[in-house]
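First the structure, in the form of structure tokens, and then the observations on it.
Numbering (this note's numbering), first residue to last: 251 to 542.
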């Protein structure tokens, strides 16, 4: 599968936008007294680091295989996604704790200033999010960074909505309430990415029905059994599969090559497997299960 290219210029533009937003929200949050703006500023500060990590990992991940990394450097982006999603989870907990504290200690907020800064942040965050949208569809690294941008956009929306209630009705409690709601949603989304990256790093099996694999492989002539299966992912798109197959005793080398080719075609077309390694046997392992 071809990955959508997110250029260095796009990463740089998003980083610069985030730095500008961060400074504006820190100043605006301190002057207005808005927790929403301050939490958004902290989040944007971390996002700038997140984007740089994502970009560096993206560059490393494009390197070709070599003697030290025979499977290539694709896992660099998985590591970056793991780091960025972990940081996002920690930030959401901090947002929740601070919001709870603000519930207990109501603070006056300048709703007008809060609204202006939130609107500026919303526009800039939306542009950043749009810049990473295309690459987030098939790349966990960019998806984790995109989630940061999406969270900032939603947070800016929340702060803007809260500023309306603060300005019109002096409902200061709306500010921490919206902060908590956004944080809980972010926690859920970040956990999904974190779980997927951990599964890949732990070489967990992809979402493939091995019994369906067995049935498909056994349709190949002269194949009587498949066992000792291992399947894992290098990244979210690259699946590796190896297994032992039992064949009829009268198969010669040229026939084995034909069998290998047929099985490889089945695995790639029906199960999206990227790399296949097979070992042919006659009676050895004939009664062994799929997972050894």
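All C-beta atoms in this analysis are idealised placements derived from N, C-alpha and C, irrespective of residue type, glycine included. It should be emphasised that the depicted structure is a prediction, and the values quoted were computed from it without experimental measurement.
- In the displayed model, residue 533 falls within coil according to three-state DSSP, outside both helix and strand.
- Put simply, the backbone Cα of residue 518 is about 60 Å away from that of residue 418.
- The beta-carbon distance between residue 408 and residue 377, rounded to whole angstroms, is 18 Å. This is too long to meet the 8 Å contact definition.
- With respect to residue 450, residue 312 sits apart: the two C-beta atoms are not nearer than 9 Å.
- Taking all protein chains in view, the Cβ of residue 284 is crowded by 16 or more other Cβ atoms within 10 Å, so the residue is classified as buried.
- The way I'd put it, the region 391-401 does touch the region 327-339; three or more beta-carbon pairs between them come closer than 8 Å.
- DSSP places residue 468 outside both helix and strand once states are collapsed to three, so it counts as coil.
- Here residue 503 is exposed, its C-beta having fewer than 16 other C-beta atoms within 10 Å.
- The region 494-501 makes contact with the region 525-532, as at least three CB pairs between them are under 8 Å.
- Within the same chain, and ignoring the five residues on either side of residue 414 in sequence, the residues whose Cβ sits closer than 8 Å to its Cβ are 361, 365.
- Nearest C-alpha to residue 446 among 461, 425, 393, 477: 393.
- Secondary structure of residue 528 (DSSP, three-state): strand.
- Sequence-distant Cβ neighbours of residue 276 in its own chain, meaning closer than 6 Å and more than five residues away, are 291.
- C-alpha of residue 423 to C-alpha of residue 353: approximately 6 Å in a straight line.
- Between residue 525 and residue 280, the alpha-carbon positions lie close to 54 Å from each other.
- For residue 491, the enclosing beta strand (DSSP E) begins and ends at 489-497.
- When secondary structure is reduced to three states using DSSP, residue 483 falls in the strand class.
- DSSP lists 495 as the beta-bridge partner residues of residue 476.
- Cβ neighbours of residue 412 within its own chain (closer than 6 Å, five residues either side excluded): 286, 424, 425, 428.
- Inclusion of residue 406 and residue 436 in the CB contact set at 9 Å is not warranted, their separation being larger than that value.
- Apart from sequence neighbours up to five positions away, the residues of its chain that approach residue 538 with a beta-carbon distance below 7 Å are 477, 478, ordered along the chain.
- Annotated as distal: residue 473 and residue 536, with beta-carbon spacing of 9 Å or more.
- The criterion of a C-beta distance shorter than 9 Å is satisfied by residue 444 and residue 339.
- For residue 510, the enclosing alpha helix (DSSP H) has its first and last residue at 503-521.
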